[in-house]
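> Quick one: structure below, then a few questions.
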Amino acid sequence: MIIARSVLELQSALDPRDGTIGFVPTMGALHIGHRSLIDAARRENDTVVVSIFVNPTQFLPGEDLSKYPRREEADFKICELSGVDVLFYPDVSGMYGEDEVRICAPDGRGYILEGASRPGHFDGVLTVVMKLLNQVRPTRAYFGKKDAQQLALITQMVKNFFMDVEIVPMDTVREGDGLALSSRNVYLSPQERVEALKISASLKRATKQVMQGNLSAESIRQEMASILEPLNVEYIAIVNRAFESIDEVILGNTIILVAARVGTTRLIDNVWM
Ligand code: PAF
Numbered sequence: 014m015i016i017a018r019s020v021l022e023l024q025s026a027l028d029p030r031d032g033t034i035g036f037v038p039t040m041g042a043l044h045i046g047h048r049s050l051i052d053a054a055r056r057e058n059d060t061v062v063v064s065i066f067v068n069p070t071q072f073l074p075g076e077d078l079s080k081y082p083r084r085e086e087a088d089f090k091i092c093e094l095s096g097v098d099v100l101f102y103p104d105v106s107g108m109y110g111e112d113e114v115r116i117c118a119p120d121g122r123g124y125i126l127e128g129a130s131r132p133g134h135f136d137g138v139l140t141v142v143m144k145l146l147n148q149v150r151p152t153r154a155y156f157g158k159k160d161a162q163q164l165a166l167i168t169q170m171v172k173n174f175f176m177d178v179e180i181v182p183m184d185t186v187r188e189g190d191g192l193a194l195s196s197r198n199v200y201l202s203p204q205e206r207v208e209a210l211k212i213s214a215s216l217k218r219a220t221k222q223v224m225q226g227n228l229s230a231e232s233i234r235q236e237m238a239s240i241l242e243p244l245n246v247e248y249i250a251i252v253n254r255a256f257e258s259i260d261e262v263i264l265g266n267t268i269i270l271v272a273a274r275v276g277t278t279r280l281i282d283n284v285w286m
């Protein structure tokens with residue numbers, strides 16, 4: 014595995030390669046969810062590139078940028094054992110200069126749900142993803158469905174800017190008890206981890222409701238709220254794949270999303286149906 018710490022090093026690592034490139038952008042603190050993205054990239058491409066970059070522009074003032082888990086050594090090992098060819102590990106000065114052009118999230122779906130709770134977050138995400146895609150020039154880039162709105166906006170950016178890359182959505186990976194894997198789960202105390210299970214439980218209940226034929230968004234939302242009740246819920250949303258609010262679940266075109274705080278930790282989760 015080649016470790017590239019600058020764009021020049023990345024480009025010289027990738028220059029002589031033929032065939033397809035699968036790319037997994039991450040902020041590190043790799044877990045089994047990231048592994049599933051890397052494994053898919055490994056299966057489907059000749060070369061696999063993973064980036065690890067805790068992107069400062071997607072954190073709002075007062076968010077967890079400084080305490081975001083950083084585990085360089087463990088992450089490098091995981092990449093090596095997963096058959097990654099090139100690990101791109103840039104620093105902030107290699108990624109950002111002064112007074113730069115930025116990508117703006119769309120006024121509509123960039124500023125609802127996650128974008129309403131974290132205004133400006135998606136500008137930072139889209140800007141860094143644009144940079145990374147231009148640096149790596151992958152055939153395919155892999156993103157988790159857990160960050161459903163991020164995935165939708167990146168897919169839209171690639172379309173709007175006529176970029177030549179396939180965005181591959183990957184299913185959320187869960188612990189045995191249902192908790193969606195997230196690098197932020199490490200912030201949870203044992204007690205909070207138990208409380209956090211209410212999030213996946215509410216989504217499980219929503220899925221059951223739909224399977225039983227209850228398609229009413231309002232009644233599903235109420236059911237979910239009753240399970241989530243002790244948590245500090247930021248939103249429960251039922252939208253179509255275009256992130257438009259819907260009154261009835263449309264099978265094959267619905268995402269049910271939750272954002273809630275457990276203690277001071279903000280968690281998101283969703284189901285696609
Ligand atoms: O999902 C993440 O880990 C980040 O938002 C991403 C896509 C790597 C951009 O920093």
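By our numbering, the letter at position 10 of the sequence shown is numbered 23, and the numbering carries on one by one without gaps. Note that beta-carbon positions come from the ideal geometry of N, C-alpha and C, so glycine has one too. Since the model is a prediction, treat every value here as computed from it, not as a measurement.
(1) Counting only runs that start and end within the segment 189 to 272, where is the alpha helix (DSSP H) found for 4 or more residues in a row?
(2) According to DSSP, simplified to helix, strand and coil, what is T277?
(3) Cβ of M40 within 7 Å of any heavy atom in the ligand PAF?
(4) What are the boundary residues of the alpha helix (DSSP H) that G35 is part of?
(5) Would A219 and V284 be called neighbours here (beta carbons separated by less than 8 Å)?
(6) Rounded to the nearest angstrom, how far is the Cβ of P151 from that of I34, given a contact under 8 Å?
(7) Grab the span of the alpha helix (DSSP H) containing A165 for me, first residue to last.
(8) Tell me, please, whether the segment 106 to 120 touches the segment 23 to 31 by the rule of three or more beta-carbon pairs shorter than 8 Å.
(9) Would you call the segment 58 to 70 and the segment 203 to 216 in contact, with 3 or more CB pairs under 8 Å?
(10) Please report how far the alpha carbon of K90 lies from the alpha carbon of L228, in whole angstroms.
(11) With a threshold of 8 Å between beta carbons, is N173 in contact with chain C?
(12) May I ask whether a heavy atom of the ligand PAF can be found less than 7 Å away from the beta carbon of V138?
(13) Contact check, Y248 vs A230 under 8 Å by CB: the rounded distance?
(14) Tell me whether Q163 counts as near the ligand PAF, meaning its Cβ is closer than 7 Å to at least one heavy atom of that ligand.
(15) Does DSSP put N283 in a helix, in a strand, or in coil?
(16) Alpha carbon to alpha carbon, what distance is there between A165 and G276?
(17) Here's the rule I'm using: 16 or more other beta-carbon atoms within 10 Å means buried, otherwise exposed. How should F175 be labelled?
(18) Candidates R187, L27, K172: which alpha carbon is nearest L100's?
(19) In its own chain, which residues sit with a C-beta less than 7 Å from the C-beta of E179, not counting the 5 before and 5 after it?
(20) When you compare the CB positions of D98 and V61, do they come within less than 8 Å of one another, or not?
(21) Report the rounded CA-to-CA distance for G157 versus S19, giving the unit in angstroms.
(22) Smallest Cα separation from G110: which of G128, A161, K144, S79?
(23) Taking 7 Å as the limit between beta carbons, can you name the residues of its chain near G123, skipping five residues before and five after?
(24) Based on Cα-Cα distance, which residue from G96, S130, G137, R274 lies nearest to L201?
(25) Given 7 Å as the limit, tell me if Q71 has its C-beta closer than that to any heavy atom belonging to the ligand PAF.
(26) Can you give me the C-alpha to C-alpha distance between I125 and I281, rounded to a whole angstrom?
(27) Among R197, N266, E242, L210, which residue has its Cα nearest to the Cα of R83?
(28) Taking 8 Å as the threshold (C-beta atoms), are F36 and A54 in contact?
(29) Apart from the five residues on each side of it in sequence, which residues of its chain come closer than 6 Å, Cβ to Cβ, to M237?
According to the data block:
(1) You should have 203 to 224, 230 to 241.
(2) In the sequence shown, residue 277 corresponds to position 264, counting from 1. In this structure, T277 counts as coil in the three-state DSSP scheme.
(3) The residue given as residue 40 occupies position 27 in the sequence shown. Indeed, a heavy atom of the ligand PAF lies less than 7 Å from the Cβ.
(4) Taking the sequence shown and counting its residues from 1, the one referred to as residue 35 is at position 22. Annotation: G35 is outside any alpha helix (DSSP H); the continuous beta strand (DSSP E) that includes it extends over 34 to 39.
(5) Within the sequence shown, the letter at position 206 stands for residue 219. Within the sequence shown, the letter at position 271 stands for residue 284. Cβ distance < 8 Å, so A219 and V284 count as in contact.
(6) Numbered from 1 along the sequence shown, position 138 holds the residue referred to as residue 151. Numbered from 1 along the sequence shown, position 21 holds the residue referred to as residue 34. Their Cβ separation, rounded to whole angstroms, is 4 Å, which keeps P151 and I34 in contact under 8 Å.
(7) Along the sequence shown, read from residue 1 onward, the residue named residue 165 stands at position 152. According to the DSSP assignment, A165 belongs to the alpha helix (DSSP H) that extends over 161 to 173.
(8) Using a Cβ-Cβ distance cut-off of 8 Å, the segment 106 to 120 and the segment 23 to 31 are not in contact, since fewer than three pairs of beta carbons, one from each stretch, lie closer than that value.
(9) Counting Cβ pairs under 8 Å, fewer than three are found: no touch.
(10) Mapped onto the sequence shown, residue 90 falls at position 77. Mapped onto the sequence shown, residue 228 falls at position 215. Their backbone Cα atoms lie some 45 Å apart in a straight line.
(11) Reference to chain C is not applicable here, since this structure consists of a single protein chain.
(12) Position 125 of the sequence shown holds residue 138. Yes - the ligand PAF has a heavy atom lying nearer than 7 Å to the Cβ of V138.
(13) In the sequence shown, counting from the first residue as 1, residue 248 sits at position 235. In the sequence shown, counting from the first residue as 1, residue 230 sits at position 217. For Y248 against A230, the beta-carbon gap comes to about 13 Å, at or over 8 Å, which does not count as contact.
(14) Translated into positions along the sequence shown, residue 163 becomes position 150. Correct: Q163 has its Cβ closer than 7 Å to the ligand PAF.
(15) As a working mapping, residue 283 is identified with position 270 in the sequence shown. Reduced to three states, the DSSP call for N283 is strand.
(16) On the sequence shown, position 263 is the one that residue 276 refers to. On the sequence shown, position 152 is the one that residue 165 refers to. Taking the straight line joining both Cα atoms gives about 28 Å.
(17) By one-based count along the sequence shown, residue 175 stands at place 162. Exposed, since its Cβ has fewer than 16 Cβ neighbours within 10 Å.
(18) The residue you call residue 100 lines up with position 87 of the sequence shown. Measuring from the Cα of L100, the nearest candidate turns out to be L27.
(19) By 1-based counting over the sequence shown, the position of residue 179 is 166. Result list for E179: T152, R153, in chain order.
(20) In the sequence shown, the residue the question calls residue 98 occupies position 85. In the sequence shown, the residue the question calls residue 61 occupies position 48. Yes, the pair counts as a contact, with Cβ atoms nearer than the cut-off.
(21) Your numbering for residue 157 matches position 144 in the sequence shown. Your numbering for residue 19 matches position 6 in the sequence shown. Spanning the two alpha carbons is a distance of roughly 25 Å.
(22) Position 97 of the sequence shown, counting from 1, holds the residue named residue 110. Comparing Cα-Cα distances from G110 to each of G128, A161, K144, S79, the minimum goes to K144.
(23) Position 110 of the sequence shown, counting from 1, holds the residue named residue 123. Excluding residues up to 5 positions away in sequence, F135, L166 lie with their Cβ nearer than 7 Å to the Cβ of G123 in the same chain.
(24) For the purposes of this step, residue 201 is taken as the residue at position 188 of the sequence shown. The alpha carbon of L201 has as its nearest neighbour, out of G96, S130, G137, R274, the alpha carbon of R274.
(25) Residue 71 sits at position 58 when you count from the first residue of the sequence shown. Under cutoff, so the answer is yes.
(26) By 1-based counting over the sequence shown, the position of residue 125 is 112. By 1-based counting over the sequence shown, the position of residue 281 is 268. Distance between the alpha carbons of I125 and I281: 14 Å.
(27) For the purposes of this step, residue 83 is taken as the residue at position 70 of the sequence shown. Among R197, N266, E242, L210, the Cα nearest to that of R83 is on R197.
(28) On the sequence shown, position 41 is the one that residue 54 refers to. On the sequence shown, position 23 is the one that residue 36 refers to. Taking 8 Å as the Cβ cut-off, A54 and F36 qualify as a contacting pair.
(29) Residue 237 sits at position 224 when you count from the first residue of the sequence shown. Cβ neighbours of M237 beyond the five flanking positions: S215, A219, I249.
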